[in-house]
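Just so you know, the protein sequences line up as chains A, B, C and D, in that order. Its first residue numbered 4, the first sequence is counted upward by one per residue in this note's numbering. Its first residue numbered 4, the second sequence is counted upward by one per residue in this note's numbering. Its first residue numbered 4, the third sequence is counted upward by one per residue in this note's numbering. Its first residue numbered 4, the fourth sequence is counted upward by one per residue in this note's numbering. Don't be surprised by glycine CBs; every beta carbon is placed ideally from N, CA and C. Computed from a predicted model, the values in this text were never measured in an experiment. First comes the structure, then the notes that go with it.
4 protein chains.
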Amino acid sequence: MGVAMRFSSDNAAAPHPAVLEAMANAARRDTAYDGDALSRSLDAIMSNLFERDVAALWVATGTAANALALAVLCPPYRGIVCHRDAHVQNDEAGAPEFYTHGAKLMLADGNAAKLTAADIAERLDEIADDVHRVQPAAISITNATEYGASYTAAEVAAIGDLARERRLRFHMDGARFANAVAHTGASVADLTWRAGVDVLSFGFVKNGGLGAEALVFFDTSLAAEARIRLKRAGHLLSKGRFLAAQIIALLGEDRWLDNARAANAGATLLGLAAGTRLIHAVEANEVFVRVTASEAASLRAQGFEFYDWGAGEARFVVSWDQPEDEIASLAAALGHV
Amino acid sequence: MGVAMRFSSDNAAAPHPAVLEAMANAARRDTAYDGDALSRSLDAIMSNLFERDVAALWVATGTAANALALAVLCPPYRGIVCHRDAHVQNDEAGAPEFYTHGAKLMLADGNAAKLTAADIAERLDEIADDVHRVQPAAISITNATEYGASYTAAEVAAIGDLARERRLRFHMDGARFANAVAHTGASVADLTWRAGVDVLSFGFVKNGGLGAEALVFFDTSLAAEARIRLKRAGHLLSKGRFLAAQIIALLGEDRWLDNARAANAGATLLGLAAGTRLIHAVEANEVFVRVTASEAASLRAQGFEFYDWGAGEARFVVSWDQPEDEIASLAAALGHV
Amino acid sequence: MGVAMRFSSDNAAAPHPAVLEAMANAARRDTAYDGDALSRSLDAIMSNLFERDVAALWVATGTAANALALAVLCPPYRGIVCHRDAHVQNDEAGAPEFYTHGAKLMLADGNAAKLTAADIAERLDEIADDVHRVQPAAISITNATEYGASYTAAEVAAIGDLARERRLRFHMDGARFANAVAHTGASVADLTWRAGVDVLSFGFVKNGGLGAEALVFFDTSLAAEARIRLKRAGHLLSKGRFLAAQIIALLGEDRWLDNARAANAGATLLGLAAGTRLIHAVEANEVFVRVTASEAASLRAQGFEFYDWGAGEARFVVSWDQPEDEIASLAAALGHV
Amino acid sequence: MGVAMRFSSDNAAAPHPAVLEAMANAARRDTAYDGDALSRSLDAIMSNLFERDVAALWVATGTAANALALAVLCPPYRGIVCHRDAHVQNDEAGAPEFYTHGAKLMLADGNAAKLTAADIAERLDEIADDVHRVQPAAISITNATEYGASYTAAEVAAIGDLARERRLRFHMDGARFANAVAHTGASVADLTWRAGVDVLSFGFVKNGGLGAEALVFFDTSLAAEARIRLKRAGHLLSKGRFLAAQIIALLGEDRWLDNARAANAGATLLGLAAGTRLIHAVEANEVFVRVTASEAASLRAQGFEFYDWGAGEARFVVSWDQPEDEIASLAAALGHV
């Protein structure tokens, strides 16, 4: 057997060469923390991209980005509605509870880890307005979702309307935001603030970054508190220019979109190969396939790495830098299992 | 006026070329989080350096390293004795309180931000053993201290003895541990676990790193909990190999010691130049000098960047990569103010 | 319409005369906090009742008792398996999250708010053993449950066995423990520590108390930490003798059992009257009945106070001091709706 | 030796007969939590007393009252300036840190545990306005102080002015507010909201109560959040009418003032007897006296209970119900030591 072909996670990808080059270029003596020119340029760069004034912070991980966002949106004694399968609920080791000081995640159901405004309204309506019950303060959705579904701008806006009606804040976990943008072709403004989103965790790590995400505040009044919480959480790196450099490199020349398109295209190929075994429509870079235990074993024997996702299901994730021959091999293999 | 000569912080330094090279070498597709070969080698490398079995974790910042260490050593309802001028008290935006869930920092006094066992015992003796009073659980010292003083192995061991007697855990903030080792010439084992230290925050960021510190557990039973807390704090970077690579690069060929020696030597020169204006003995890479406001203004007009440190005092920090001509210029300037 | 007939909650009851008398007897100058003779006698009294050495603390409310118990059983970064309809999840405003500093409640399903060992095992098996997932540390059950079901000693013991196997701690919320004891006739030892329970919230407020519950530690090593957390939560009343007095008065002459029997008997009558409308078997002092909206309105028009419990369901709770004529009237009314 | 004469704490007092009578009168079936008529009347009664609209909550302990007040005034990432000897810092087992989720107490110095506006300003000026430093959000003073000093209305107002200037919230720990009012003769309005106080912990436990304090919000917008936090902390007693009854009984017929005057008068007598041994002026019901170890032993041998307060100092507290002969005996004894 040759080298492993990793479809386990887009976290297994390499950083994009432009990211490494930008970091090398930042490798001089400079101002510490976020006082350098690169860090200070993030607001303007993101404002330009989002077509309005925004405030942006760099953060080393998506978990920290999400947890910081939720901490500024929800006090300790209230709750956040999210999908039962959301990353914030299942894959962050309780970071939202840690950063919010114990806010409660209020789990809702929906297809492919996606929530409709109606799903959320139903969950909200269950919560009696009573001092004995934790009351909701925010909604968090993931776009693209944990099952590779993307929201349209209209779907986000329907949730944004609900949030406004119920006086809730609205967070989007965009660890794979680039993939959602690439899939829908929507403008980043339409997918976020025009649809009522208050804060976006804008992911770059799965998109060619080395270790940098952006927190984008459409309600810019929230950014100062977030920066204090970021420092308090030990996330204000003293050489922040190396994080800013990554984000800027990926936004440059639309590399973030090219990377997302490449990953999405690979996933689409795999989805087609999976045929009727496909569990969720492929709207980003993740592919969920029904496989038996022996089929899974056979795939692994051929060198493919991937996660089992419940009984009889497998998850394959395509990275921005996934070798074409690995994708072709897996597509062929999926066609024959 | 030419380019700024930064003596404000060793955080302003560049990463060491070997660090950048090691990161570039890690820039391939690999296992995520801390499952890669570099991350998995840290325990063995640190065990070899410390002459005993230790467990080591990478962490992106010194603030996170300290706060994580304190969180595993002290429950929410107890306290940590540290110096009034300690970094954990003054410069971490309350990270220790955040990570420990509200443990109390119990401030003690001592010369040059250094605590003797007697200083600590005096502080401990003030705390009535009563359910109304927060009881201490741990001691934290900084080596080298915030005023550039280094502990001898014997001084640390005296505190370690006290900790054992009083059943307290013992943490060392070693953001400038390399400088202390270089200054004292003591072995790293003698300065830490042989002297009773339970956990060391072993700093690399101020020593040529880009964004990586090590948490070294001499009580290895603490490491598993620390790793959970690390993830929960959003500090488990998905591409952790890039942090491990930095630490390994700096430990290789004793670069960490060479870097510390270079910085210490520069500081010693400045200390000599400062003469009777010198406030604290120079035992690491920080120099505290009495200057009037007009002298400070004159130094700044000459291009030197530094922090005022209370009224009539200035702090100059020498980095591992501080240009020799900058040091010479500042020495000359200090000799003439 | 006459005076309200309150079946809304056993919290609406009056304190038992013996409770008031015991408090009046304690109304002299005495030692503060828990240093008085009454408070100091609790350990012995409870040890006698439970047929082994236990440690007991008074607490003013059931919410505080539960949250304190969970905080000593579960660290901030782990979780507690409980029923989806448990009081700790739904009716304590997030107190468990507050006291545990953000531990996650892991919701399981079971009939009548009761969990079997199998229900719990199924929930535990869903949790991948991974640093990204919050891991469980404890199980909490309510006895009698929120739907008036009581556990047999054997049912509790099956859960205790599971807890031991999975190395989890075991808490019982006994806000209506007296009702469960009265219903099952089991010994308090068999229902708790002999079945593997580590801590019991032993309720007295719904049982004739004014404002006092007991926290009973079968693992007596936990009590010291609980007492510190109790003080830290502002629950160490300076005149604690008035809480101890209540508990002692209710335990005296088996008043707690008599009160529970009276309440259970009333509930049984109502359950019989409800006939096929009854939703859950009556095994304590709560009765859940299917009623239409117009039937509910009619009952209210007759002076009965009760809670709607989801669509088409009503909850009636019988207190220890519920007037017999009120019970008879409600039974008659339920027979006719 | 006869019975102990307790001067250790006003917590050792008995409840006032009117308090017990009011509680007995409340001992009927009633609405749970704070929905009863007594609880609902607190706002109006306190508004009348304070000559403006206020919102008031009952709380079982002074520690909980203080910690709740601070939690609504200060976010987790900021700090509270208080005296180094304040009850919130020394005698509440870290309750402020628990309730605020880790806010930092920022200790200032001042005579007799009293802070002047200048003392506070000096402390505030030490805090660099920097993301690395915890920034202040609130000021907390104790009136009467832990050393029995009372603030005049003008002294409070000077601090209130400072708070407004620096945009800080202002809390008064009034565990012995009655004693301060009795001593100064000032109106309660002048001592609180007219002087800029946002929240008052209004103590009744040391004043003849059994277990009830009031939280009085002059910024009434804070009360709703405080009530949620109160429930979340397990402090929403289900039979809250028994707490409301106590407060109302003590406010009736100026009993709270009569009780405070009695206690203050006893303390004044003791202060006179202590003569030049007196350490702090007696402005409430506490008396601090210089005594040698052998003198302290001699006093204890005569049956007097009191606390040592540092080396060579003793604290005597006079309760509202302190027997006159005990006061006379202690005065005589102090005159002869």
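Query, Result
"Between C/L108, C/A299, C/A287 and C/R55, which lies nearest to C/H86 when the distance is taken from Cα to Cα?", "C/L108"
"If you compare alpha carbons, which of A/V6, A/N14, A/F10 and A/E158 is closest to A/V208?", "A/N14"
"Quick one: what's A/G177 bridged to in DSSP?", "A/F205"
"Could you check whether the region 250 to 265 of chain D touches the region 109 to 118 of chain D, counting it as contact only if at least three pairs of C-beta atoms, one from each stretch, sit closer than 8 Å?", "no"
"From the DSSP output, read off the bridge partner residues of C/T145.", "C/D176"
"Using the rule of at least 16 other Cβ atoms within 10 Å of the residue's Cβ for burial, across every protein chain shown, is D/S153 buried or exposed?", "buried"
"Please indicate yes or no: does the CB of B/I282 lie closer than 7 Å to some heavy atom of the ligand MN?", "As presented, the structure is devoid of all ligands, the ligand MN included, so that no description of it is given."
"D/F309 and D/A296 - do their beta-carbons sit closer together than 8 Å?", "no"
"For chain D, check one thing: does any of its Cβ atoms lie closer than 8 Å to the Cβ of A/Y150?", "no"
"Which residues of chain C have a Cβ atom closer than 8 Å to the Cβ of D/N14, listed in chain order?", "A35, Y36, S241 and K242"
"Interface residues of chain B around C/K234 at Cβ under 7 Å?", "V134 and H135"
"My output table needs one value for D/P99: the three-state DSSP class, helix, strand or coil.", "helix"
"Are the CB atoms of A/A63 and A/H238 nearer to each other than 8 Å?", "yes"
"Figure out for me which residue from D/L203, D/A266, D/A156 and D/S190 has the closest Cα to the Cα of D/L326.", "It is Pro, not Leu, that sits at residue 326 of chain D in the sequence shown. Comparing Cα positions, the closest option is D/A266."
"So, A/V22 versus A/G188, is the Cβ gap smaller than 8 Å?", "no"
"Provide the residue span of the alpha helix (DSSP H) that contains B/R230, from first to last.", "A226 to R235"
"Kindly indicate which residue of B/T145, B/G163, B/F101 and B/R258 has the alpha-carbon position closest to the one of B/A287.", "B/T145"
"Taking C-beta to C-beta, are B/Y80 and C/I231 nearer than 8 Å?", "yes"
"What do you reckon, are the CB atoms on C/S204 and C/N69 nearer than 8 Å?", "yes"
"Does the count of Cβ pairs from the region 211 to 222 of chain C and the region 191 to 202 of chain C closer than 8 Å reach three?", "yes"
"In chain order, what residues of the region 76 to 106 of chain C put their CB closer than 7 Å to some CB of chain B?", "P79, Y80 and H104"
"Does DSSP put C/Q138 in a helix, in a strand, or in coil?", "strand"
"Does chain A have any CB closer than 8 Å to the CB of B/R179?", "no"
"Is the distance from the Cβ of A/G151 to the Cβ of B/F245 below 8 Å?", "no"
"In terms of alpha-carbon separation, which member of D/V159, D/A178 and D/R136 lies closest to B/D88?", "D/R136"
"Tell me, please, whether the CB atom of C/R230 is closer than 8 Å to any CB atom in chain B?", "yes"
"Report the option in C/A160, C/A185, C/H186 and C/R169 whose CA atom is closest to the CA atom of C/M175.", "C/A160"
"Rounded to a whole number of angstroms, what is the C-alpha to C-alpha distance between D/S241 and D/T34?", "9 Å"
"Can you round the beta-carbon distance between A/I330 and A/L260 to whole angstroms, since I take them to be within the 8 Å contact cut?", "With 8 Å as the limit, A/I330 and A/L260 do not qualify as a contact, their Cβ atoms being about 19 Å apart."
"Within 8 Å of any Cβ in chain C, is that where the Cβ of A/M4 sits?", "Annotation note: pLDDT 46 at A/M4 (below 50); position unreliable, no value reported."
"State the Cα-Cα distance for the pair B/E54 and B/S322, rounded to the nearest angstrom.", "28 Å"
"Looking at C-alpha atoms only, which residue of D/R293, D/A40 and D/R126 is the closest neighbour of D/A29?", "D/A40"
"Could you tell me the boundaries of the beta strand (DSSP E) in which D/R293 lies?", "E289 to R293"
"As a quick exercise: from C/A7, C/E24 and C/T119, pick the residue whose alpha carbon is nearest that of C/A247.", "C/E24"
"Just the C-alpha distance for D/E95 and C/R235, rounded to the nearest angstrom, thanks.", "6 Å"
"Thinking C-beta only, is B/S11 closer than 8 Å to B/V292?", "no"
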